[in-house]
Structures are given as structure tokens and as C-alpha cells.
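Data first, discussion second: the structure below is written as C-alpha cells.
Residue numbers (the numbering used here): 427 to 637.
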């Protein structure tokens with residue numbers, strides 16, 4: 427049991443990113459579904475993630491939280507999956523994986539809260555402005571199949587998930603470079619398996635309609 431890979435998630439969360447990564451890795455894992463405001467706040471889960479948020483994984487008894495960190499960890503923990511690029515391509519790998527997890531997500535969150543930094547605030551905020559963050563992200567994927575080197579990696583799972591989600595829900599505006607980058611990712615078998623699993627779980631969680 428100590429060697430088990432346990433995945434704590436809710437299908438209506440950023441856990442979908444880690445689900446995709448796990449399906450790309452191909453290793454067996456156990457899923458624990460947690461509820462908002464209920465089991466996520468139980469002492470047993472707070473001992474795993476004091477933030478009371480998902481996703482999280484426990485592997486060999488060690489806990490990893492935060493989607494980008496989990497993706498990077500799984501790529502290293504399961505090298506046979508080939509999801510960590512060669513050393514020569516690690517600069518772009520780390521750069522865009524954590525840029526998307528940091529400035530891009532911060533900028534999107536600020537916008538959703540109605541926060542528009544002025545000129546002085548943009549100098550203090552790591553993301554500057556949403557437009558600046560998205561322009562930088564566009565430069566990472568424009569005319570490229572992958573963000574790091576010439577093959578799919580864990581960075582594509584994370585960056586691709588953020589762009590895919592943003593385009594779907596309108597938090598990232600449609601741009602040709604974004605659409606071209608994410609389209610083939612949606613055709614990956616791992617992506618499709620992950621979506622099928624989470625969509626089925628979401629359907630199960632919906633209240634039954636009256637007859």
C-alpha cells in the first residue's frame with residue numbers, strides 16, 4: 427500500500443489536469459473523490475493538504491500538491507512514459523510550465539475578480555497585465571506543436587489544459603496560435619480517456635431529474 431499512487435480530486439476542479447497527466451503516464455492509480463466544503467475540509471485530508479484543496483497525489487507515502495508540481499513530479503517518477511524532455515530542452519519546459527502556473531493563472535484570476543492593475547500596479551504584479559501574460563504565452567506556442575523541444579511533455583499537459591479550459595470558458599480569448607496548439611492535444615488518447623472519466627463522474631454527481 428505504501429507504493430500506491432493515490433489521486434485526490436473532484437472532477438469539477440483543476441484535478442482534470444492531473445487526471446490527464448496520470449492517463450498519459452499510464453501507471454495504475456487509485457482515485458479518491460472529495461467534496462467541496464465537506465471531505466476536502468476533513469482533518470484526514472487537511473493532513474495531506476492543509477489548504478483543503480484538490481488535486482493532490484500521494485506516491486510512495488510522499489505528498490505532492492499544486493498541478494504544475496504534480497505534472498513535473500509524475501514525469502520524473504515515471505520516466506518510461508517519456509514525459510520529461512531531454513536536458514537540453516528543460517529550459518523551455520520549466521519556463522513555460524511555471525509561467526503558465528504563475529503569471530498566466532494569476533492574471534486570469536485577477537481579471538475574473540474584476541481587478542485591472544494600473545500602470546504602477548503592473549510594475550509590481552508578477553503578471554503585469556492579462557494582455558502581457560497572454561502575449562508571452564502565445565509566443566511559447568505559436569507555430570509549435572510542443573512547448574519544449576520536439577515531443578510532447580508534461581509541460582504540454584499543463585499549458586494545454588490551461589489554454590483548453592480558457593478557450594472553453596472564455597477566460598482566454600481565441601487566438602489562431604492558441605487554437606492551433608490545443609487542437610491536436612485534444613485528439614490524444616490520454617486526453618480523451620481523462621475527459622471520459624471525469625465527465626462520467628460529473629454526470630454521476632448531478633442530482634437526478636424528477637420523472
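Every residue, glycine too, gets a C-beta built ideally from N, C-alpha and C.
{"Query": "Excluding sequence positions up to five away, which residues of its chain have a Cβ less than 6 Å from the Cβ of residue 491?", "Result": "475 and 482"}
{"Query": "Near residue 454, which residues of its chain fall below 8 Å by C-beta distance, leaving aside the five closest residues on each side in sequence?", "Result": "431"}
{"Query": "Could you tell me whether the stretch 585-595 touches the stretch 608-617, where touching means 3 or more Cβ pairs closer than 8 Å?", "Result": "yes"}
{"Query": "Who are residue 488's beta bridge partners in DSSP?", "Result": "485"}
{"Query": "For residue 455, decide whether its Cβ has a neighbour in chain C, counting only Cβ atoms nearer than 8 Å.", "Result": "Protein chains in the displayed structure number just one, and chain C is not present."}
{"Query": "What residue range is occupied by the uninterrupted beta strand (DSSP E) comprising residue 433?", "Result": "431-435"}
{"Query": "In angstroms with no decimal places, state the Cα-to-Cα distance between residue 624 and residue 515.", "Result": "31 Å"}
{"Query": "With DSSP collapsed to three states, give me the class of residue 459.", "Result": "strand"}
{"Query": "From which residue to which residue does the alpha helix (DSSP H) around residue 534 run?", "Result": "531-538"}
{"Query": "Could you give the DSSP three-state label for residue 612: helix, strand or coil?", "Result": "coil"}
{"Query": "Note down, in chain order, each residue of its chain lying with its Cβ closer than 6 Å to the Cβ of residue 496, except the 5 sequence neighbours on either side.", "Result": "444, 483 and 490"}
{"Query": "If I measure Cβ to Cβ from residue 600 and keep anything under 7 Å in the same chain, skipping five residues before and after, which residues do I get?", "Result": "593"}
{"Query": "DSSP three-state label for residue 599, please.", "Result": "coil"}
{"Query": "Skipping 5 residues on each side, what residues in its chain have a beta carbon closer than 8 Å to that of residue 502?", "Result": "510"}
{"Query": "Would the stretch 550-568 count as touching the stretch 520-533 if we require 3 or more Cβ pairs under 8 Å?", "Result": "yes"}
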